[in-house]
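> Going by this note's numbering, the sequence shown opens with residue -12, and the numbers climb by one from there.
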Amino acid sequence: MRLVGVLWLSVLFTTFYTVDTITYGRVTSRSLSPSTALIHVSRRTRHVRGHGYNVRNEYCTGSLISRQVVITAGHCIQGKRG
-12 MRLVGVLWLS
-2 VLFTTFYTVD
8 TITYGRVTSR
18 SLSPSTALIH
28 VSRRTRHVRG
38 HGYNVRNEYC
48 TGSLISRQVV
58 ITAGHCIQGK
68 RG
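#1: According to DSSP, simplified to helix, strand and coil, what is I58?
#2: Using a Cβ-Cβ cut-off of 7 Å (strictly less than) and excluding sequence neighbours within five positions of R51, which residues of its own chain qualify?
#3: Using DSSP with H/G/I as helix, E/B as strand and the rest coil, what is I52?
#4: Buried or exposed: which applies to I26, given that a residue is buried once 16 or more other Cβ atoms fall within 10 Å of its Cβ?
#5: So R54 packs on N41, CB below 8 Å; how close in whole Å?
#6: Would you tell me roughly how many angstroms separate the C-alpha atoms of S29 and R13, rounded to the nearest one?
#7: Tell me the DSSP bridge mates of S43?
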């Protein structure tokens, strides 16, 4: 459920935050890719004695296919091991 919350906040953030993007090494206007979303995934990794869990932050892109639905690569959500 936490992952869904992170994804939802990411979609909200990308909806209201506009920046120029870099495509093929050149700065382009965000209006050229209005359906692109940033997905921020935080994963807890192994427990380190006395230090709690390590947290690994990853970022993926996705495409808005409707106002509330983002599609992305499976390995972004499930992890590289599936």
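In this text, a Cβ means the ideal position worked out from N, Cα and C, and glycines have one as well.
Quick answer:
#1: strand
#2: Here the sequence assigns Leu to residue 51, which means Arg is not the residue at that position. So the list reads S22, A24, V57, once near-sequence residues are dropped.
#3: coil
#4: buried
#5: So it is not a contact: roughly 35 Å between Cβ atoms.
#6: 29 Å
#7: Sequence check: residue 43 is Arg here, not Ser. Looking at the DSSP assignment, R43 forms a beta bridge with R30.
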